[in-house]
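Visitor:
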Amino acid sequence: MQFKLLFHRSKKPVVFYFKGGEMDKKEIEHLAELSKLEFSEEELESFAGEFKSLLELADIVKNAEIGGEISYKSVDMNNLREDEPKESAPVETLLENAPQVKNDCIVVPRIME
Amino acid sequence: MEIVKLSAIEIREKILSKELNCTEVVQAFLEQIKKNEKYNAVLEIFDDAMEKARELDEKIAKGFSGKLAGVPIIIKDNIFYDGKICSCSSKFMEKHVASYNSTVVEKILKEGAIIIGRANMDEFAMGSSTENSAFGVTHNPLDFDRVPGGSSGGSACAVALNMCPIALGTETGGSVRQPASFCGIYGLKPTYGRISRYGIVAYASSLDQVGIFTRNVEDNALMLEVIAGHDEHDSTSSSVAVENYNDNLKLQAEKVCVGVPEEILKMIKNMPCEKNLLNFIDFLEKNGIKTKKISLKDIELCLPTYYILAPAEATSNLARFDGVKYTTRSEKAKNLQEVYKESRSEGFGKEVKRRIMLGNFVLSSGYYDAYYKKAKRLQSEIRKEFKRAFLECDYIIMPTTIGEAFKIGSKSQNPVDTYKEDIFTVTANIAGIPSLSVPFGKGENGLPLGVQIMGDVFKEREIYQLAKFIEEK
Amino acid sequence: MQYDVVIGLEVHAELKTKTKCFCACKNAYGSSPNSNCCPVCMGFPGALPILNKKAVEQTIRAGLALNCEINNTAIFERKNYFYPDLSKAYQISQLEKPICINGHLRVFDKEIPINRIHLEEDAGKLIHQGNISMIDYNRGGVPLIELVTDALKEPHIESAEEAIEFLTKLRQIYVYAGVADCEVEKGQMRADVNVSLKPKGSKEFGTKVEMKNIMGFKSVYRAIKYEIERQKDILDDGGMVMQETRRWDNDKGESYTLRTKENSEDYRYFPDPDLLAVNISDAEIKKIKENMPPLPKELKEKYIKEYNLTEYDADVILAEKEISDFFNDSLKLYNKPKTLSNWIATEVLAKTKNREPIKVNAENFVWIVKAVDEGKVQRNAGKELLSSIWGTGLNAENEAKARGIMSDLSDDVVEKILDKILTEKSDVVSQYKQEKDTKILNFLVGQVMKETRGKANAQEVMKKLKERFD
């Protein structure tokens, strides 16, 4: 399949990038931290490889020559929800799927700062 | 009469005329599901389905005649049905019980549908093959070695194998149309905002829509009529009036014009779908429908735009699955950070993790403007292009997929290769327009192909009209 | 070395609404855990936010009260971070197009610039117990406005005193505008403070240090004082102030590093695709402006110009809206602003120290003030009467009668006593006739009052005396 032809509108052939060079392990680790995900060394390396082609795809957008502003769909203030309370859901239902519960509260290990 | 081959409309008519009752209908479909268990289309048959059928028989005896009276429905595993497990085919949500009804479920139940089970899918709707399901791949109904498409592959397979006349799926970038095409059935992605998203586990909120699988046009139109409409629980749902689509499905063939984007014709050169699309254009012309070349110059930018917007929103939407409130929690976790990291690392599959990472990249500080914001601007431009195109024609057509269903395991290596499968479908999601995949033609292996009929926003009726016209020819 | 201090404030206030910002659950304080919750505010999959009109109105009202421009289009963004009290792992907030921008608030003689006021949702509450933390999402989704001062523009907030005055004024305005109750002890108003120092007269700003979530104005005051000294010490020693976020420990009276710039959060803001942009028309803004309750500034002018109160008295009355409302209610029943303000400033305020509510209604209060004015009740007896009906719901007039402090002697009796006194004090009477000194008249009235044990109406007695001497 010929995809090379496909993205002729991008400004330049896409070579990535992140402060020069490819995305390095440290940067992948930073993204993992933002994502709250943990990866083994192996996984990290395989991700770094995959990211290269993912970012080639993303860079087509970055390099696309196109103008225009973002148009947002909007609603008139008058059509917003009126401030009338409704019955809340029963607490048992809300906590049904929680892994740990005490005194109608969801429990997590003690938070240290 | 083979019950499972009946259309939804026929089932309802026969039930209301007492020729059939709900119990025997549901019984027949449940047996059909069990008979086809090896396809792994349905994750769970709801054990109250027979009971609901009996209740409904009583109601019908008392005069109830809802629009979906007695029609068995299968829903994708990311649609909330109160009291039933909704797992998004993820290990993370394996035991998660939905605590409320999604608006679509609420609406179909009100019209007398019986929801008989939930269908397999790519985990959190991320994928084009159901290979990303934590509960095993679904097989193509026509070739066991091939995928049914995805992410709503289970729903598509179920309809193709007569496990139900109508199934609900969800769309973000083609997750209904692509499997419909691979399975040889009809799959609609409505206008963004046509159907409430309340109670649908979000993948990418600005692109997500519920979609409809059927084996014929009229069943599809009937379902849309039931589930479309404004919802006070979804700010992005539209208040444009819902039509009784089946009331007027007659196409005035001589008055319509079908647009074929030049860029698409260029793009499909040497693709397996090329010949089929040209055949389709011929078919339309032969049947008195005018076709016209149009230009959508940025259409090829839809795919990369999609793979920025969708992961970005997904990253944020999936952050709530954190081992705290309603997912499983890692047993290894001893402190809060471990609750997050261990639970998410154990819970999410590889593709989901990949998209979360990609989403975080395009949103992260220093890259947001170049990627996410730029993609939003592109999206606004693309919408304008489609708007302009629809001044010149009533419909736009393009292939649904590059080719026939691919073999299980054949695409798992490079993620971008798989992403490119979505090249034709993501266009409608980016543009927010309705698109129906209509089965048309066969590929070199004799497997079905599909063609998309797209219309301007809220032109679902017009789309059904053309589809009905094609169905009849 | 001498330094200029630049202080920036970010002030969060919970809006007064019946429901939460994005769902119809009650916005209420003190309910049992997770009882005011639903799939939306618990961040359940598939649940979607539905914006509360009143929350937008309240934000606009706050903006107008603080001289802001109101954006005709407002956008809501997601602020992404993981924390257990944040059910969706993002907070719906505003970044690029907040509802209000470019306002100012007068503090002493400065107009402190306000950069923005935006609407967002509050997080839930964490309860720490032993080796677990428990999450209550009742507060999650409660509408919150965040005001950010513009520390890049002059004039700056330059001292802890000015910062406290800013917060005090701000609180007063929010309460008067009906936007927020700002009960600090309920966490309804919270402030983040940033402080930077630069050499006196320098144009360049120093390094900013932020202190998060300080509860209570006194703590803000102490935290700022502490931070100014801390930075001075560093700079005097030739050191560099680190850009960081610190946490104020009120018990120890010191702050410690929470996070430095290197590990600062990346919130990955982007417009929330579940919400539409909100169009706010000029007509809508005008309507809110026209229905704005009177603000302290207007009221103060009125109190001084129309009611002839001193500036000091006006400030005393205006400090709390409850007092000011009570004053206005009383005024409707008895048009003596000066007298009422004196009574309120002394008697009422003495009883409402420590933010105790006013426990008497305007009718009973005014009855006492009037009775004292008319001489029907002695001043001291009146004060005691107010104390005794405070918080009881008793009727002032009935209680005065029951206690026998009403001046209810008949004219005959008073005349007789008067005769007696004038005879006994004939020397004083002659002295008066020569000197015409009113002090002497007062003395005689006093004698009558003593004789009647305060039950005579002093004004009446004076009148009678004057008649006799004319």
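Residue numbers (this note's numbering), protein chains in the order written: chain A, 1 to 113; chain B, 1001 to 1473; chain C, 2001 to 2470.
Here a beta-carbon is modelled for each residue, glycine too, at the ideal position from N, C-alpha and C.
#1: Mind checking the region 1177-1206 of chain B against chain C and listing, in chain order, the residues whose C-beta falls within less than 9 angstroms of any C-beta there?
#2: Alpha carbon to alpha carbon, how far is Y2174(C) from A2062(C)?
#3: At a Cβ cut of 7 angstroms, what residues of the region 60-89 of chain A count as close to chain C, listed as they run along the chain?
#4: Applying the criterion that 16 or more other CB atoms from any shown protein chain within 10 Å of the CB defines a buried residue, is R1474(B) buried or exposed?
#5: Return the CA-CA distance between S1133(B) and K1014(B), expressed in angstroms with no decimal places.
#6: With 16 as the cutoff for other CB atoms within 10 Å, does A1241(B) come out buried or exposed?
#7: How about T2019(C) and D83(A): are their beta carbons less than 7 angstroms apart?
#8: Spatial neighbours of C2182(C) within its chain, please: C-beta separation below 7 angstroms, excluding the five flanking residues on both sides.
#9: List the endpoints of the continuous alpha helix (DSSP H) containing E2120(C).
#10: Report the neighbours of S941(B) on chain C: residues whose CB is nearer than 8 angstroms to its CB, in chain order.
#11: Distance, Cα to Cα, L2051(C) vs T1236(B)?
#12: Mind checking Q2129(C): buried by the 16 CB within 10 Å criterion, or exposed?
#13: Report the neighbours of N97(A) on chain B: residues whose CB is nearer than 8 angstroms to its CB, in chain order.
#14: Measure the C-alpha to C-alpha separation of G21(A) and L1358(B) and round it to an integer number of angstroms.
#15: Do we get a CB-CB distance below 7 angstroms when we pair E50(A) with the residues of chain B?
#16: Are K2110(C) and Q2091(C) close, meaning C-beta to C-beta below 7 angstroms?
#17: Between which two residues does the beta strand (DSSP E) holding T1214(B) run?
#18: Is there a Cβ from chain B that is less than 7 angstroms from the Cβ of S40(A)?
#19: As an exercise, report each continuous alpha helix (DSSP H) stretch of at least 4 residues that is fully enclosed by the region 1279-1364 of chain B, in chain order.
#20: Tell me the DSSP secondary structure of H2104(C) in three-state form.
#21: Over what stretch of residues does the alpha helix (DSSP H) that includes I28(A) continue unbroken?
#22: Based on DSSP bridge pairs, tell me the residues matched to H1230(B).
#23: Mapping the DSSP letters down to three states, classify N2052(C) as helix, strand or coil.
#24: Three or more beta-carbon pairs under 8 angstroms between the region 1099-1111 of chain B and the region 1199-1207 of chain B, yes or no?
#25: Are the CB atoms of T1172(B) and A1041(B) nearer to each other than 7 angstroms?
#26: Is the beta carbon of L1188(B) less than 7 angstroms from the beta carbon of G1211(B)?
#27: Residues in its own chain within less than 6 angstroms of E1404(B) by CB, not counting five upstream and five downstream?
#28: Which residues of chain A have a Cβ atom closer than 9 angstroms to the Cβ of L2276(C), listed in chain order?
#29: Using beta carbons (cut-off 7 angstroms, strictly below), is K102(A) in contact with chain B?
#30: In terms of residue numbering, what span does the beta strand (DSSP E) encompassing K2079(C) cover?
#31: Rounded to the nearest angstrom, how far is the Cβ of R1177(B) from that of G1450(B), given a contact under 8 angstroms?
#32: Looking only at its own chain, which residues have a Cβ that is under 8 angstroms from the Cβ of S1205(B), when we skip the five neighbours before and after it?
#33: Contact criterion: CB-CB distance below 7 angstroms. Does A1028(B) meet it with respect to chain C?
#34: From the beta carbon of F1080(B), is the nearest beta carbon of chain C less than 7 angstroms away?
#35: Out of N2072(C), E2161(C), V2056(C), I2145(C), point me to the one whose CA is closest to V2107(C)'s CA.
Guide: On the basis of the supplied data:
#1: S1196, R1197, Y1198, G1199, I1200, V1201, A1202, A1204, S1205, S1206
#2: Numbered from its first residue, the third sequence carries residue 2174(C) at position 174. Numbered from its first residue, the third sequence carries residue 2062(C) at position 62. Approximately 6 angstroms between the Cα atoms of the pair.
#3: Y72, K73, S74, V75, D76, M77, L80, R81, E82, D83, E84, P85, K86, S88, A89
#4: This structure cannot settle anything about residue 1474(B), because the visible part of chain B is limited to 1001 through 1473.
#5: Position 133 of the second sequence holds residue 1133(B). Position 14 of the second sequence holds residue 1014(B). Looking at the two C-alpha atoms, the distance is approximately 37 angstroms.
#6: Working through the second sequence from its first residue, we reach residue 1241(B) at position 241. With fewer than 16 other Cβ atoms within 10 Å, it is exposed.
#7: The residue you call residue 2019(C) lines up with position 19 of the third sequence. The residue you call residue 83(A) lines up with position 83 of the first sequence. A contact, by the Cβ cut-off of 7 angstroms.
#8: As a first step, residue 2182(C) must be located in the third sequence, where it is residue number 182. So the qualifying residues of the chain are A2013, R2171, Y2174, V2175, Q2188, M2189.
#9: As a first step, residue 2120(C) must be located in the third sequence, where it is residue number 120. Taken as a continuous stretch (DSSP letters only), E2120(C) belongs to no alpha helix (DSSP H), being part of the beta strand (DSSP E) at 2110-2121.
#10: Any property of residue 941(B) remains undetermined from this structure, which presents chain B solely from 1001 to 1473.
#11: Taking the first residue of the third sequence as position 1, residue 2051(C) is located at position 51. Taking the first residue of the second sequence as position 1, residue 1236(B) is located at position 236. Using only the alpha carbons, I get a separation of about 12 angstroms.
#12: Mapped onto the third sequence, residue 2129(C) falls at position 129. With fewer than 16 Cβ atoms within 10 Å of its Cβ, Q2129(C) is classed as exposed.
#13: Along the first sequence, read from residue 1 onward, the residue named residue 97(A) stands at position 97. K1095, H1096, V1097, S1099, K1325, Y1326, T1327, listed in chain order.
#14: Mapped onto the first sequence, residue 21(A) falls at position 21. Mapped onto the second sequence, residue 1358(B) falls at position 358. Its pLDDT being 40, under 50, G21(A) is placed unreliably by the model, and nothing is read from it.
#15: By 1-based counting over the first sequence, the position of residue 50(A) is 50. It does; some Cβ of chain B falls within 7 angstroms.
#16: Taking the third sequence and counting its residues from 1, one reaches residue 2110(C) at position 110. Taking the third sequence and counting its residues from 1, one reaches residue 2091(C) at position 91. No, the pair does not count as a contact, with Cβ atoms beyond the cut-off.
#17: Within the second sequence, the letter at position 214 stands for residue 1214(B). It spans 1209-1214 - the beta strand (DSSP E) in which T1214(B) sits, taken as one unbroken run.
#18: Translated into the one-based positions of the first sequence, residue 40(A) becomes position 40. Not closer than 7 angstroms to any Cβ of chain B, the Cβ of S40(A) fails to qualify, so no.
#19: 1302-1317, 1336-1347, 1350-1363
#20: Here residue 2104(C) refers to the residue found at position 104 when the third sequence is read from its first residue. H2104(C) falls in the strand class under three-state DSSP.
#21: Along the first sequence, read from residue 1 onward, the residue named residue 28(A) stands at position 28. 25-35 is the extent of the alpha helix (DSSP H) around I28(A).
#22: Along the second sequence, read from residue 1 onward, the residue named residue 1230(B) stands at position 230. BP columns for H1230(B) are empty, so no partner.
#23: Locating residue 2052(C) in the third sequence gives position 52, where the first residue counts as 1. Strand, per DSSP.
#24: yes
#25: Numbered from its first residue, the second sequence carries residue 1172(B) at position 172. Numbered from its first residue, the second sequence carries residue 1041(B) at position 41. No, Cβ-Cβ distance for T1172(B) and A1041(B) is not below 7 angstroms.
#26: As a first step, residue 1188(B) must be located in the second sequence, where it is residue number 188. As a first step, residue 1211(B) must be located in the second sequence, where it is residue number 211. Yes, the Cβ-Cβ distance between L1188(B) and G1211(B) is below 7 angstroms.
#27: One-based indexing of the second sequence puts residue 1404(B) at position 404. Excluding residues within five positions, the ones whose Cβ falls inside 6 angstroms are G1443, N1445, L1447.
#28: As a working note, residue 2276(C) is residue 276 in the third sequence. Simply Y72, K73, S74, V75.
#29: Your numbering for residue 102(A) matches position 102 in the first sequence. Chain B, which has no Cβ nearer than 7 angstroms to the Cβ of K102(A), makes this no.
#30: For this step, residue 2079(C) is matched to residue 79 along the third sequence. Start and end: 2077-2080.
#31: Along the second sequence, one-based indexing puts residue 1177(B) at 177. Along the second sequence, one-based indexing puts residue 1450(B) at 450. 7 angstroms between Cβ atoms; contact.
#32: The residue given as residue 1205(B) occupies position 205 in the second sequence. These residues qualify, in order along the chain: R1197, T1236, E1313, N1317.
#33: Within the second sequence, the letter at position 28 stands for residue 1028(B). Chain C contact via Cβ: absent.
#34: The residue labelled residue 1080(B) in the question sits at position 80 within the second sequence. Yes, contact with chain C.
#35: The sequence position of residue 2107(C) within the third sequence is 107, counting from 1. Selected option, being the one with the closest Cα: E2161(C).
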